[in-house]
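**Q** Counting from -10, one number per residue, gives the positions in the sequence shown under the numbering used here.
The beta-carbon is built from N, C-alpha and C at its ideal position, and this holds for glycine as well.
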Amino acid sequence: MHVVGRAVCAALPRVRQEPADMATAGQSGPSAAIRERLSRFRAEMKKSKVRAYLVTRHMDLFYLTGFTGEDSAGLITENEVNLISDGRFEEAIRQECPWARVWMRKGLLIPEIASVCEKLKLRSAAVQGDQMTIAARAELEKLNPGTRLTVGPDITGQMRRAKDAEEMKVLNRAIRIAEEAFLAMRAQIRTGQTELELAARLEYEMKCRGASGTSFTTIVAEGPNSALPHAHPGRRKVREGSAILFDWGARYGMYCSDLTRMVFVGRVPPKFARIYPLVLEAKERSTAAIAPGRKMCDVDEVARSFIRDAGFEKEFNHGLGHGVGLDIHEPPSLSWRSDEPLAAGMVVTVEPGIYLPGVGGVRIEDDVLVTARGRRKLSRLSTALDDAVL
């Protein structure tokens, strides 16, 4: 069995394994990227007349501080960043954000937050309304009635839509790792292997290249299983004539990549040969439509109308794409549901599909950066049908 598309392999240089911390270990102050984010965050706080903002969403806290620890919170005021954590992350804090004012808790997080608010004599604080539970907020107000809690504006949600230069460096590495790993796994595909085995091999190859983990549960779907957009790998085996859908991503430096490719073993089944070019053309047309100011729903419609006109309207049953970054699914939503305009710096997936129940499905996905003048496809793996055949 041979691997098709050697030119594709040559276009993908070996990924360098090096640290991807957003804050440099041992520094006296935050990195330039973190300083810029905190400055913008505080400017938005000032606009909304927020004196203190409690950040409890893990990825938002990392975005604003570079701190990777969990079960922690950040209390951001006009002049300082208060980091509330515990002893498990003491060394991580020293390495990642030694410039922050640290409060090490020995008990539960909510009582410690209440205590810090009291010690700082905060009369009010904004919380992340979609993150803090009603029970947690009630407990916080009961423990410290002197601090009035309000639901703050979603500042980080807006900021994280557009990636800065540091983020793009890490995102690009996450994509390169995913691509290299896929080509390495692809060369190992043999008849008799199960979906689970192929998923394990792909995840192993990503970790060998520096990934800290996967962006999400790896999807490997053979034959009829590929008609399930979010199939779970199982014990279906690869056979001659198999059509296999791979949807995978590498997490690197906290950032996610997200790609989907098809592999056909020996030959392309007739029904797949019919729908593959349609999905590919829908992807290419909608990718070409991406530009600053263009509405998300309009880009979605480019792919959807093409697939509709080909007679497969009901078989394309999800949005065209989504934002990707620290979370695998994050704003914006590249779908018919959103009339938000695209903006430079956004990174979105473009992943149309056609799914035939009982037969199988085709989805092809790339990660795309919105630029000042249009778009740039970040992923480099070939999408040509000939290159999808082993």
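By the three-class DSSP mapping on this structure, what secondary structure does Glu85 have?
**A** Glu85 falls in the helix class under three-state DSSP.
**Q** How close, in whole Å, do the beta carbons of Tyr42 and Ala114 come, if the pair is a contact with beta carbons under 8 Å?
**A** Yes, Tyr42 and Ala114 are in contact; Cβ-Cβ is about 7 Å, under 8 Å.
**Q** Report, in whole angstroms, the separation of the C-beta atoms of Ile82 and Val70, which I expect to be a contact under 8 Å.
**A** Not confirmed; about 11 Å, so no contact.
**Q** How would you call Asn133, buried or exposed, if buried means at least 16 neighbouring beta carbons within 10 angstroms?
**A** Buried, by the Cβ-count rule.
**Q** Nearest to Thr93 by CA position, among Gln120, Pro266, Ser61, is which residue?
**A** The residue you asked about is not Thr; residue 93 is Met in the sequence shown. For Met93, the nearest C-alpha among the options comes from Ser61.
**Q** Compare the C-alpha of Met285 against each of Ala377, Asp75, Leu331, Ala163 and name the closest.
**A** Of the candidates Ala377, Asp75, Leu331, Ala163, the one whose C-alpha sits nearest the C-alpha of Met285 is Leu331.
**Q** If you scan the region 118 to 178 from start to end, which runs of the beta strand (DSSP E) of 3 or more residues do you find wholly inside it?
**A** Fully enclosed beta strand (DSSP E) runs of 3 or longer: 137 to 140.
**Q** Using beta-carbon positions only, say whether Leu53 and Leu27 come within less than 8 Å of one another.
**A** Taking 8 Å as the Cβ cut-off, Leu53 and Leu27 qualify as a contacting pair.
**Q** Is Asp60 helix, strand or coil by DSSP?
**A** If DSSP states are grouped into helix, strand and coil, Asp60 belongs with coil.
**Q** Please state whether DSSP places Arg40 in a helix, a strand or coil.
**A** Coil.
**Q** Taking 8 Å as the threshold (C-beta atoms), are Val336 and Leu358 in contact?
**A** Yes.
**Q** Span of the beta strand (DSSP E) holding Asp236?
**A** Note, Asp236: beta strand (DSSP E), 232 to 237.
**Q** Report back the beta-carbon spacing between Gly242 and Val313 to the nearest angstrom; my notes put them in contact at under 8 Å.
**A** That pair is no contact at about 14 Å.
**Q** Relative to the C-alpha of Val254, which residue among Ile208, Gln177, Met121 is closest?
**A** Of Ile208, Gln177, Met121, the residue nearest in Cα terms is Gln177.
**Q** List the DSSP bridge partners of Asn71.
**A** Note: Asn71 sits in a beta bridge opposite Leu64, Arg90.
**Q** If you follow the beta strand (DSSP E) that Pro259 is in, where does it begin and where does it stop?
**A** No beta strand (DSSP E) contains Pro259, which is instead part of the alpha helix (DSSP H) from 259 to 277.
**Q** Run through the DSSP bridge pairs and tell me what Phe253 is partnered with.
**A** Bridge partners of Phe253: Ala232, Val378.
**Q** Taking contact to mean at least 3 C-beta pairs separated by less than 8 Å, is the region 232 to 247 in contact with the region 191 to 206?
**A** Yes, the region 232 to 247 touches the region 191 to 206.
**Q** Return the chain-ordered list of same chain residues with a C-beta closer than 7 Å to the C-beta of Arg362, the five sequence neighbours on each side being excluded.
**A** Here the set comprises nothing.
**Q** Rounded to the nearest angstrom, how far is the Cβ of Pro346 from that of Ala271, given a contact under 8 Å?
**A** Actually they do not touch by this definition, with Cβ atoms about 20 Å apart.
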